[in-house]
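Here's the structure, in structure tokens; my notes come after.
Residue numbers (this note's numbering): 3 to 290.
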């Protein structure tokens with residue numbers, strides 16, 4: 003018998019890349035996590051991880067179990083949510099920046115809507131500069147965006163920022179005296195645009211903004227068309243794009259934090275239920 007707590011612990015270790023971070027995520031000590039993994043290994047009669055001095059990888063049996071463990075844990079959680087869910091009703095207005103969680107948000111919406119079918123979701127996608135006034139004017143109940151500096155947001159995830167370009171684009175090395183690097187960006191005061199400029203300035207590398215998009219879709223289209231390079235959250239790197247790393251001469255970039263801001267105007271319980279679904283989908287990133 004494979005207990006759900008053991009499977010959840012196993013998934014957490016994989017997602018977080020180790021026992022210590024997994025313990026922080028699920029509220030257990032490192033030793034308790036180790037004990038649960040050992041118990042699970044005893045149940046299946048095989049090692050789940052291959053441990054060396056330089057690597058921490060799944061064994062062949064671990065790779066097989068992982069897919070089943072995720073599905074079992076998700077179904078278990080979904081069943082509990084549905085059975086325990088109050089009959090919530092109303093409208094929840096959520097604003098989110100359009101580069102946010104391309105894989106996370108659809109699953110959040112799916113799970114929330116299935117669990118609370120009587121709640122009407124009103125979703126607003128756009129850039130932070132456009133969504134913030136709506137939130138400040140009481141037209142949004144929740145806003146999912148980057149840090150606004152107010153200290154009132156709730157941190158839900160961190161994502162790595164990366165340099166990206168089209169698959170067939172030959173990027174020039176960002177070095178002093180080189181040809182100007184063409185940048186594809188969102189309008190000011192976009193944090194990704196500012197990050198790219200500051201990183202290249204620090205290298206004394208020339209740059210030029212050759213394309214300004216009004217949303218992430220237009221930026222991604224320009225990158226695929228080979229117009230230049232851009233700084234994006236790693237989760238926003240879509241098919242048709244590639245990441246430029248240190249081997250290509252591009253400097254490492256800081257992480258990007260995603261926050262949820264909650265206003266008045268709708269039941270706190272309703273907002274907390276949506277945020278809980280959001281955090282659950284972000285959990286595999288485990289970059290808090």
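The beta carbon of each residue, even a glycine, is placed where N, CA and C say it ideally should be. Every value quoted in this text rests on a predicted model; they were computed, and no experiment measured them.
| request: Pick out whichever of 30, 283, 273 and 249 has its Cα sitting closest to the Cα of residue 144. | output: Locating residue 144 in the chain shown gives position 142, where the first residue counts as 1. Comparing Cα-Cα distances from residue 144 to each of 30, 283, 273 and 249, the minimum goes to 273.
| What separation, rounded to the nearest whole angstrom, lies between the Cα atoms of residue 82 and residue 8? | For the purposes of this step, residue 82 is taken as residue 80 along the chain shown, with counting starting at 1. For the purposes of this step, residue 8 is taken as residue 6 along the chain shown, with counting starting at 1. The alpha-carbon atoms of residue 82 and residue 8 are separated by roughly 17 Å.
| task | Identify every residue that forms a DSSP beta bridge with residue 118. | result | Along the chain shown, read from residue 1 onward, the residue named residue 118 stands at position 116. Its beta-bridge partners do not exist; DSSP assigns none.
| message | Counting C-beta neighbours from all protein chains within 10 Å, is the total for residue 71 16 or more, i.e. buried, or is it exposed? | response | Here residue 71 refers to the residue found at position 69 of the chain shown. When all chains shown are included, residue 71 counts as buried.
| Taking all protein chains shown into account, do 16 or more other C-beta atoms lie within 10 angstroms of the C-beta of residue 275, making it buried, or fewer, making it exposed? | Position 273 of the chain shown, counted from the start, is the residue given in the question as residue 275. Buried, since its Cβ has 16 or more Cβ neighbours within 10 Å.
| query | DSSP three-state call for residue 49: helix, strand or coil? | reply | Position 47 of the chain shown, counted from the start, is the residue given in the question as residue 49. DSSP places residue 49 in coil when its eight states are reduced to three.
| task | Ignoring anything shorter than 3 residues or poking outside the segment 167-207, list the beta strand (DSSP E) runs there in chain order. | result | Those beta strand (DSSP E) runs which fall completely within the segment 167-207 and span 3+ residues are 183-187.
| request: Would you mind sorting residue 178 into buried or exposed? The rule is 16 or more other CB atoms within 10 Å of its CB. | output: By 1-based counting over the chain shown, the position of residue 178 is 176. Interpretation of residue 178 is limited by its pLDDT of 49, a score under 50 that renders its predicted location unreliable; the figure taken from the coordinates is listed afterwards. Exposed, by the Cβ-count rule.
| message | How far does the beta strand (DSSP E) with residue 265 in it extend, from its first residue to its last? | response | As a working mapping, residue 265 is identified with position 263 in the chain shown. Residue 265: not part of any beta strand (DSSP E); DSSP gives it neither H nor E.
| message | Using a Cβ-Cβ cutoff of less than 7 Å, which residues in the same chain neighbour residue 5 once the five nearest sequence positions on both sides are dropped? | response | The residue given as residue 5 occupies position 3 in the chain shown. Closer than 7 Å at the Cβ level, and outside the excluded window around residue 5, lies no residue.
| field | Given 8 Å, three or more beta-carbon pairs between the segment 229-236 and the segment 109-127 | value | The segment 229-236 and the segment 109-127 do not touch, with fewer than 3 CB-CB distances between them shorter than 8 Å.
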